[in-house]
Structure formats: C-alpha cells, structure tokens
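*Asks:* One structure, as structure tokens, below. Some questions next.
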Amino acid sequence: MPTDFSDTVLQNPANIVAPNGFVGTHKFFFVGGTGLIGTGYGTPGFTATRVSTGIYRVKHPPVKELVMMAGIAMPSGAPSYKVDQITDGIGPTGGSNSLSGITEFHIRQPGGGASGSAAPSGAGYVLANPVSGTILKLAFFAAPQAVPPGQF
C-alpha cells in the first residue's frame with residue numbers, strides 16, 4: 007500500500023481543495039449473504055475489512071486532511087440500507103481520522119430500535135450485512151500535505 011497519494015495526485019488534481027490535493031472515488035462490492043466484500047476498485051491504496059455484522063473499516067494511506075462521503079446502492083428487490091461514517095473511537099487519536107488511515111462505516115437497515123452504536127442517526131435502524139450485489143460508494147477530497155488555516 008502506498009504511503010502517500012503521490013501517484014494519484016497526477017491523475018486527479020484538485021489544487022482548489024488544498025496544495026497538492028485531489029478528488030478520488032472508490033467502490034466496494036458485496037457478495038453472498040454474510041456481508042463479505044468481493045472486490046473493490048478506484049483510487050489505489052484503499053481496502054475494506056468486515057469487522058462484524060454491518061461494521062466495516064476502510065483503510066487508506068494516511069494523509070493530513072481527508073473528507074470522505076459514502077453512499078450505498080442496492081440491487082433491485084433488496085432491502086433498503088443506509089450507511090453512516092463513524093467518527094468516534096477509532097484511530098490513534100480517536101475517531102475516523104485522516105492520520106490514522108482508518109475510516110469506519112456502519113451499514114444499517116430499518117429494524118427494531120437503535121443499534122449498538124452511539125451514532126445518533128442509528129435510531130430505528132439495525133446493523134445488517136448487505137446482500138450480494140450491494141455497492142458501497144466512496145467519494146473523497148484529500149490533502150497529502152499540511153493545509154494552511156482557513157483553506158480547507
């Protein structure tokens with residue numbers, strides 16, 4: 007896995023985001039009924055691991071600043087899902103953070119009460135394994151270097 011995004015910066019420049027910043031995307035495809043990740047493609051250096059039911063950690067090269075947005079697409083006839091990016095409790099300084107190189111996502115579907123997560127958006131949704139054919143789509147802005155105050 008690369009230690010920075012230097013090979014990607016040339017492919018997707020976005021100096022309007024930050025010095026040497028860039029925009030990227032990545033997709034992860036789920037297979038089977040147990041939430042396993044079959045494959046993924048997009049920006050180099052991204053991998054995903056299923057931690058437990060509905061909980062996934064995405065590893066990426068550490069950067070100074072990273073803003074990541076997630077969406078989820080389901081196959082026709084599949085249950086509806088939503089995806090939350092978790093921002094507390096992971097990484098060396100707590101939370102999904104750019105320097106740790108780890109971002110955690112929870113995938114949920116409508117169900118009983120609130121799930122075991124402290125995420126406020128979890129009310130009425132329970133952690134769930136996505137069905138085969140579901141796609142986790144990520145879009146992000148990254149800055150490999152320090153960003154001057156007020157620019158990002």
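Residue numbers (my numbering): 7 to 158. C-beta: ideal position from N, C-alpha, C; glycine also. Here the structure is a predicted model, which is why all the values come from computation and not from measurement.
(1) Cβ of PHE111 less than 8 Å from any chain C Cβ?
(2) Using the C-alpha atoms, what's the distance from VAL64 back to THR55?
(3) Quick check: what's the CA-CA separation for PHE28 versus HIS66?
(4) Quick one: measure Cβ to Cβ for GLY77 and VAL89, integer angstroms, because I've assumed they're closer than 8 Å.
(5) Our contact map puts GLY41 next to ASN135 with C-beta atoms below 8 Å; I'd like the distance itself, whole angstroms only.
(6) Use the C-beta contact count for LEU142: other C-beta atoms within 10 angstroms, 16 or more gives buried, fewer gives exposed.
(7) Report the residue from VAL73, ALA149, PHE111, SER86 whose alpha carbon sits nearest the alpha carbon of VAL137.
*Replies:* On the basis of the data shown:
(1) The structure shown contains no chain C; it holds only a single protein chain.
(2) Within the sequence shown, numbered from 1, the residue matching residue 55 stands at position 49. Within the sequence shown, numbered from 1, the residue matching residue 64 stands at position 58. Using only the alpha carbons, I get a separation of about 7 Å.
(3) Position 22 of the sequence shown, counting from 1, holds the residue named residue 28. Position 60 of the sequence shown, counting from 1, holds the residue named residue 66. Cα to Cα, the separation comes out at about 14 Å.
(4) Numbered from 1 along the sequence shown, position 71 holds the residue referred to as residue 77. Numbered from 1 along the sequence shown, position 83 holds the residue referred to as residue 89. So it is a contact: roughly 7 Å between Cβ atoms.
(5) Counted from its first residue, the sequence shown places residue 41 at position 35. Counted from its first residue, the sequence shown places residue 135 at position 129. 3 Å between Cβ atoms; contact.
(6) As a first step, residue 142 must be located in the sequence shown, where it is residue number 136. With 16 or more neighbouring CB atoms inside 10 Å of its own CB, LEU142 falls in the buried class.
(7) Mapped onto the sequence shown, residue 137 falls at position 131. For the residues VAL73, ALA149, PHE111, SER86, the minimum Cα distance to VAL137 belongs to SER86.
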